[in-house]
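Reviewing the structure listed below.
Residue numbers (my numbering), protein chains in the order written: chain P, 1 to 392; chain S, 1001 to 1392.
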């Protein structure tokens, strides 16, 4: 990857973030009447559902604070972030300290889930906004919310359970969310105690989910890391594992390109690229079976936007750290494929859900899960990582 | 539809049931070691997962008893049905009387769900086996299990709740399962008290879900039947509504072609056929939005086997009752489409999950939901309804 290509990519990512993605959402999604953001949008930006998903509230507040902290100190971004924080604080929490997953436009609760992903996204939003605003109360709230989320994450018996104790399992989502959020907490709160969190999460990934003998990162394993020869045990999620891979590569970079972490991250990327890349149509599959058997989820071969976003980042960071040309080629391959299929040329932003062959399945831009998060994070990180590389 | 076509269809359905579908599963799925059935099968019939879904255990026990009761008194079918009942009684129930959704091969519990569908399928299996075996204990068990399921169905506050009370909703699944199971209970237990159940279920469908002004059968409405302008409220499931339509047409037939019920069933079929039929590729879509907006489920446009099975039955029964040629044409259209796309010519049985254009998504034959139920029920009912029509 020569400097010309790097500059081209920087332009694509920066302009994508600042001139396409952010303006699609902001300030349009600000709900002046009831607070928070109205994220659930059709292709053209019109409102599809007035309800609010707390994941997307937290993630967009995080994003606005993040661009404020790292791109430019625009007042409107800080104001927009704190507007979301306000709604989250007022309407996001149940009496037990846990958070809601789904609320009405007014903020009345509809649904709480067993999982504490909302709480982790909230902690991350509080931390980024604490840094942006200098508000000490947000530092405290960030730490408290992280601790609550961690407590439930590591003690699933505290909440209602989905499964009996017959076949105890571990999910890759647990260390991945912990790792990614702890990195942001440490950065934004300037609190090195979160490095312990990072280390524990990476160790859990390495010790339980990474299987060199199978060249695979498992998504669900037995409590001791054993392979479970059932649907859930065999189903792997390449984009999710590759997201974990770049969190680890980012940590490697922070530790002077720590060779063990570089190796771990690159292995995870290599194996899951091989399992995930669709040789016939291009792009990364959503789910694959460890042994190539049918998976239970019949939408397994669709191309989700976030899976591709994480793969763009994983291949790019692997290249920037190792300078191995094959990673530049992989990055080029996934970058070109996603830019050929995902952007909506008429209304801007990206589609989220494509069929295997790249045709659009549902053209909506926002729902309870898709919102301004994975894509702008890809654009921001891609831009900043390349810029730092050119300057180094 | 002339008699030649009727006889052709009778042959297709009878042979499909007796020479393709039943032999694919039986006696192969009998688990001699741990009891019950091993339903989770790959395309070629090999085992994909040793776990057992209680829906499929109950549904296959019902099917074997049903063919014993209505086709031929083959001992192996009765023995096979009771083999499943044994496992269901031994391993299907939790201490609170509720049933498990997912157990291991040995019958150890993995997961219980909030919904009481398993309990309804069990009641139906007990009732069919009671009739087949003459065992009075099964009559009692059938009635008890039905009552338990009904109690939880009509009092969702008894169990853990998925949603808060902010926006109370009703789901079409509630009256449809109640209606379909009550009809089978009445038939197999020869107990006319279940007609009250049937009436209440039909009234709920008509009063809350059927919307003549929209020409639509809703899948989820507000507690008073109001349209909810949110993803869940706008999403309709044509195949599910058409399943309800033929339950109602069947009831009409039992009541001397009761004109109100015929009209209700035909309206439901007409509206949902119009909303569900894919003009471009054929077949009935899985989900549609009331207003043609994007639905949240990105697998909305896939062609599920059971959706097509119910539509074959709905159009056929509407034709046999009304003799309107358009229903014969609709039946021909859906029948031809499914036979062109679903049967596995190499290993027998049908695929379950096709992409919109009819290509196979996952080739498996059985999982936690797909098993020998909707398809053999289509074949059995289609055969028997046509035969009765010829004889009338």
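Here a beta-carbon is modelled for each residue, glycine too, at the ideal position from N, C-alpha and C.
- Sequence-distant Cβ neighbours of residue 258/P in its own chain, meaning closer than 6 Å and more than five residues away, are 252.
- In the DSSP assignment, residue 1171/S forms a beta bridge with 1220/S.
- A straight line joining the alpha-carbon of residue 187/P with that of residue 193/P spans about 11 Å.
- Per DSSP, the beta bridge partners of residue 1211/S are 1216/S.
- Judged by DSSP in its simplified three-state form, residue 343/P adopts strand.
- Under a criterion of Cβ atoms nearer than 7 Å, the residues of chain S adjacent to residue 51/P are, in order, 1230.
- For residue 1298/S, the secondary structure class from DSSP, reduced to helix, strand or coil, is coil.
- Straight through space, the alpha carbons of residue 1068/S and residue 1019/S are spaced by roughly 15 Å.
- DSSP links residue 52/P through a beta bridge to 103/P.
- By the C-beta density criterion, residue 1361/S is buried, having at least 16 other C-beta atoms within 10 angstroms.
- Under a criterion of Cβ atoms nearer than 8 Å, the residues of chain S adjacent to residue 302/P are, in order, 1298 and 1299.
- Using a CB distance cut-off of 8 Å, residue 1096/S does not count as an interface residue toward chain P.
- The DSSP-derived three-state label of residue 139/P is helix.
- Taking C-beta separations shorter than 6 Å and ignoring five residues to either side along the sequence, the partners of residue 1272/S in its chain run 1217, 1238, 1241 and 1242, following chain order.
- Taken atom to atom, the span from the alpha-carbon of residue 200/P to that of residue 266/P is near 19 Å.
- Taken through DSSP and simplified to helix, strand or coil, residue 392/P comes out as coil.
- One thing to note: residue 87/P has its Cβ within 8 Å of the Cβ of residue 107/P.
- In this structure, the beta-carbon distance from residue 105/P to residue 50/P falls below 8 Å.
- Residue burial annotation: residue 379/P is buried, with at least 16 other C-beta atoms found within 10 angstroms of its C-beta.
- Closest in alpha carbon position to residue 1162/S, among 159/P, 44/P, 112/P and 169/P, is 112/P.
- In this structure, the alpha-carbon of residue 150/P lies about 52 Å from that of residue 1130/S.
- Within chain P, the residues whose beta carbon sits less than 7 Å from that of residue 1109/S are 164 and 166, listed in sequence order.
- Residue 1185/S and residue 1123/S have their C-alpha atoms spaced approximately 8 Å apart.
- Counting the other CB atoms within 10 Å of its CB gives residue 301/P a total of 16 or more, which places it among the buried residues.
- For residue 131/P, the enclosing alpha helix (DSSP H) has its first and last residue at 117 to 133.
- In this structure residue 80/P is buried. Its beta-carbon is surrounded by 16 or more other beta-carbon atoms within 10 angstroms.
- Neighbours of residue 1368/S in chain P, taken as residues at a C-beta separation under 9 Å, are given in chain order as 231 and 296.
- Taking C-alpha positions only, residue 85/P is separated from residue 127/P by approximately 11 Å.
- Residue 1210/S and residue 153/P have their alpha carbons spaced roughly 43 Å apart.
- Within the segment 1135 to 1148 of chain S, contact with chain P at the beta-carbon level (separation under 7 Å) is assigned to no residue.
- Taken through DSSP and simplified to helix, strand or coil, residue 1029/S comes out as coil.
- Under DSSP, the beta-bridge partners assigned to residue 235/P are 289/P.
- In terms of beta-carbon proximity, residue 1375/S stays away from the interface with chain P, with every pair separated by 8 Å or more.
- Exclusion of the five residues before and after residue 309/P leaves 374, 375 and 378 as the residues of its chain whose Cβ lies within less than 6 Å of its Cβ.
- Assignment of alpha helix (DSSP H) within the segment 1320 to 1384 of chain S, counting only whole runs of 4 or more residues, yields 1325 to 1341 in chain order.
- Contact annotation: residue 1016/S and residue 1347/S have beta-carbon atoms that are not nearer than 8 Å.
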